Structures are given as structure tokens and as C-alpha cells.
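Let me begin by presenting the structure, written as C-alpha cells, before commenting on it.
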Amino acid sequence: MNDKETFIKYLDQLKGNVIALIYSFENEQALGFTHYEFWKSEVISAWLNAAEEIGCKPYILDVRTFMQKASLGTLPHIDFCVNLNAGNNNVDNLCLVPAICSFLGVPCVPCSAKTCAIGEDKIFANQIAINGSLHIPRTVPANEEGGIIKNRSYGSSKGIRLSSTQTTCSADEFCQEFISGTDMTIPVLYNPLSRKLEVLPPVGYKHSYGEKWFLNEEAKISHSYEKILCSLSEDAERSVLSLVDRFDVKTFCRVDTRIKNYNFNIPTKINIKDIYFIEINPTPTINNSINFSLSLLYAENTVPHKQCFNLYKSLTNKATVTGYILACSLLYFTTKHFQLQD
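One gets my numbering by counting positions in the sequence shown from 1 and adding 447 to each.
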């Protein structure tokens, strides 16, 4: 059976399944459910269209309704769940949806409550990553020059600032050595044809602001950078995959890194000696116009995932990147014990 026949068979398994899309309602009044960011309609609608794109039946509800219906036993039959609850001030609340899914025995995309809890907390994540091959920035005092202060649970760009003799950390913050250079984010996605997680081409941030530049909220708003596709050396790619395996990632995630003193004008592979781990994001924002999309749309045709994506596009009407990511994620659960017959 060739790849096309295999993929057709895989996609046929998904048709007719019910996918619950669980989002955060902005007017939720629960005291512990405060957010620093809500995913808007651009993200939610992309997942809604993705479910229909692969022939599934979407079922949309907010977190509270999902919890209530789960406790009362009034949920309809659900085959899969997509957790669109993100941006919580309290990391514990990020785990609500996958924890309930585990109780119900429903596979949850993108990750389990365990992976969500340890991945979204930057201090825990650094402790897990420290045993791997990627460099980890040293912890330094908040009142010394040469550091960068981060919130342990917010997104990678929110509230970060360089340290000085006048700065301090709050109870939810920590300070690490600042790595001069630039930022690079590495998407990782399950490939149903190879049945394993694979690294997509990393996205580097090219800028002209010197080595002290970093991707904070202001930089994101002003778009004071150019995104370019990079490539990793083989040992760096292996190290990234080993890292995400330690976090028990199954479907997709994003690894954010800092590249030391790197000149993106030189077309070369990024070596492991230049990569510093910043954080792993087990629940990254997905829509049809950000880093995962850039990585897939502009990857070389020799990249295995690009070949798989091209095959998906040939088999799917109005194919989107979000639809492909959803299909790959669901196929992790349906193909891991699936034996093909020639």
C-alpha cells in the first residue's frame, strides 16, 4: 500500500467523528478563571472549519458548560476533544479540559493534563529540560545586569523585561541569564505516515536591533522583525525530539529557543551549541496564518511533513494548515495501534 492509499484509509477513519471544541467564554465570572488573553474568533473559527474540512461533526461549547454537562452526564457522544482554553493566569485552569477528557475517556488535542501542567509552567519545564542536550540559561539574581525576568506561567512574550540593579521578581516570576542573539521557535507535529513526531522547519526572527533584542509584547505588536525559515543540524533535531518526548507530547507543540550571537544572513544549519531552551508550549496558538502555517507552507518539498501536507491537500477540498494539523493530531490516536494490510 503506497502513501496515498494509506493516507486515504487513515482519513476515512476520521469521517463522521464528533469533535468537541472547548473554548474560554470571555464573560465567565469564576474567580479563579481570569485570563491574560482569550483566543478570538479567528482561532476558534479556524478549528471549526478544520473539523468540517476532514469530514467530522464539530460540537462547540465553553469550559463551564463542558464541565457541567460532563458532571451531569448530559454530553452527547464525543469522539475527540480540542482544548481551546488558553491564556489563563492560573496554570491549573489550563488543565481543566484535558483532565475532564481523561475522566471521560475522550482523547484530547493537543495534550494531556500532565503535559499541560508541566509544560506551561516555565520553572518546571526548565527543570525537565535541564537533563537534555539543549543549553539552559542560568538562573541569575533579578537585581543584576545581564538577566531577563519572566513570569513562570504567562506566554513567552508577556511581561518579560531585562534586569537591572533596580529590578525585582514577584512571587510568580524568575530571572535567567539573557542570551544575546535572537529568537527561534520550533514547531513539532505528529506525522501519521511515519507514525512519529517530526520537527518542522524552525522560524527565526530576523531583525536589525542588535543582540539585546528579544520578542516581547511590543515587538509582537509592532512586527519589528522578519520571520524566516531555518534548519537544524541533525543532532539539534534529535535533541528537540528527545526534549518533547520527556514532556510526553503526542500530537503537536512548539519549542521556543534563543539563538546565541546568530547571523541569519548566513544560510546554514543551526547547530546545537548555539541553541538555548526558553520554553515548551504544549498548547500553542494554531490558525492559518502563524508559525506552524509559515513552516508548512514554505518548507522545502524534501521535508517529510511537507510531502504529507501536499498529499493531504490533494485529497481534501479547500485544505488548510489547521485542518492538516487537526487530521495529524487525531490520527495519532487512531493509527498508533492500526495495522495496515497490503
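Using N, Cα and C, we set each Cβ at its ideal position, and we do this for glycine too. For clarity, every value in this text was computed on a predicted model and none was experimentally measured.
Inter-residue spacing [alpha-carbon to alpha-carbon] between residue i and residue j
i	j	result
E548	C555	Sequence check: residue 548 is Cys here, not Glu. Each residue's Cα considered, the two are about 6 Å apart.
G593	I501	49 Å
V587	C616	11 Å
N764	P634	25 Å
M448	K716	35 Å
P714	V702	For P714, the predicted structure reports a pLDDT of 47, less than 50, and the residue's modelled location is therefore unreliable. The matter cannot be settled from this model.
L543	S686	30 Å
S678	A576	21 Å
D526	T769	19 Å
P648	H670	21 Å
C558	T782	17 Å
K456	D450	10 Å
P729	F756	21 Å
F571	R705	18 Å
G606	K707	22 Å
L428	S736	Because the chain in this structure spans residues 448 to 789, residue 428 falls outside the shown range and cannot be described.
I772	L461	13 Å
R623	N598	It is worth fixing the name first, because residue 623 is Gln in this sequence and not Arg. If I take the Cα positions, the gap works out to 11 Å.
M514	G552	14 Å
D692	N578	13 Å
K516	D682	47 Å
N718	A666	26 Å
S432	E475	The requested residue 432 is not part of the displayed model; the chain covers only 448 to 789.
Q754	E673	26 Å
Y506	L662	35 Å
Y637	T612	45 Å
K569	D619	10 Å
W660	S610	14 Å
D695	G657	36 Å
V490	A533	11 Å
S740	Y601	23 Å
E684	L690	10 Å
T453	N734	26 Å
L508	L778	23 Å
T512	F550	16 Å
R642	T749	18 Å
S488	H524	25 Å
D789	A477	Confidence in D789 is poor, its pLDDT being 37 and thus under 50, which makes the residue's placement unreliable; the coordinate value appears in the next sentence. Distance between the alpha carbons of D789 and A477: 54 Å.
E499	C700	23 Å
K720	L758	35 Å
P639	N738	21 Å
E664	F780	36 Å
S797	I722	Nothing about residue 797 can be read from this structure; the chain reaches only from 448 to 789.
V510	T481	13 Å
F625	L531	32 Å
Whole-Å CB distance - residue i paired with residue j, under 8 Å assumed
i	j	result
G566	I466	G566 to I466, Cβ: 23 Å. No contact.
L581	F724	4 Å
S761	T698	Not really, about 23 Å apart at Cβ, beyond 8 Å.
E504	G479	It is Lys, not Glu, that sits at residue 504 in the sequence shown. Not confirmed; about 32 Å, so no contact.
E645	P751	6 Å
I441	N573	Given a span of 448 to 789 for the chain in the structure shown, any question on residue 441 remains unanswerable.
I595	T614	Between T614 and I595 the Cβ distance is about 10 Å, and since that is not below 8 Å, they are no contact.
A774	L519	Between L519 and A774 the Cβ distance is about 32 Å, and since that is not below 8 Å, they are no contact.
A497	T732	Not really, about 14 Å apart at Cβ, beyond 8 Å.
V529	W494	6 Å
For residue i, the residue or residues it bridges with in DSSP
i	result
P505	I466
N728	R701
T562	DSSP lists no partner for T562.
L676	V650
K707	G628
T586	Q623
I717	L679
Y723	H582 and R705
C548	Answer is none; C548 lacks a bridge partner.
V556	V529
Residue i Cβ short of 7 Å to the ligand ATP heavy atom set
i	result
I583	This structure lacks the ligand ATP; in fact it carries no ligand of any kind.
Test: residue i CB closer than 8 Å to a CB of chain D
i	result
S600	In the structure shown, chain D does not exist; there is a single protein chain.
Completely contained alpha helix (DSSP H) runs for the stretch 503 to 542, where each covers 4 or more residues
Within the stretch 503 to 542, the complete alpha helix (DSSP H) runs of at least 4 residues fall at 510 to 519 and 538 to 541.
Go through the stretch 733 to 782 residue by residue and report every complete run of the alpha helix (DSSP H) that reaches 4 residues or more, in order.
Counting only runs of at least 4 residues, the stretch 733 to 782 fully encloses the following alpha helix (DSSP H) elements, listed from N- to C-terminal order: 738 to 744, 751 to 762 and 768 to 782.
For the pair the stretch 558 to 565 and the stretch 527 to 543, tell me if three or more CB-CB distances fall below 8 Å.
Look at the beta carbons and you see the stretch 558 to 565 touching the stretch 527 to 543: at least three pairs across the two are nearer than 8 Å.
Does the contact criterion of 3 or more C-beta pairs under 8 Å hold for the stretch 456 to 473 versus the stretch 732 to 750?
For the pair of segments examined, the stretch 456 to 473 was found not to touch the stretch 732 to 750: the number of CB pairs separated by less than 8 Å stays below three.
Cβ pair count under 8 Å reaching 3, the stretch 629 to 644 against the stretch 653 to 667
With a cut-off of 8 Å, the stretch 653 to 667 and the stretch 629 to 644 count as touching, because enough Cβ pairs lie within range.
Unbroken alpha helix (DSSP H) runs of length 4 or more, entirely within the stretch 589 to 670: which are they?
Fully enclosed alpha helix (DSSP H) runs of 4 or longer: 664 to 669.
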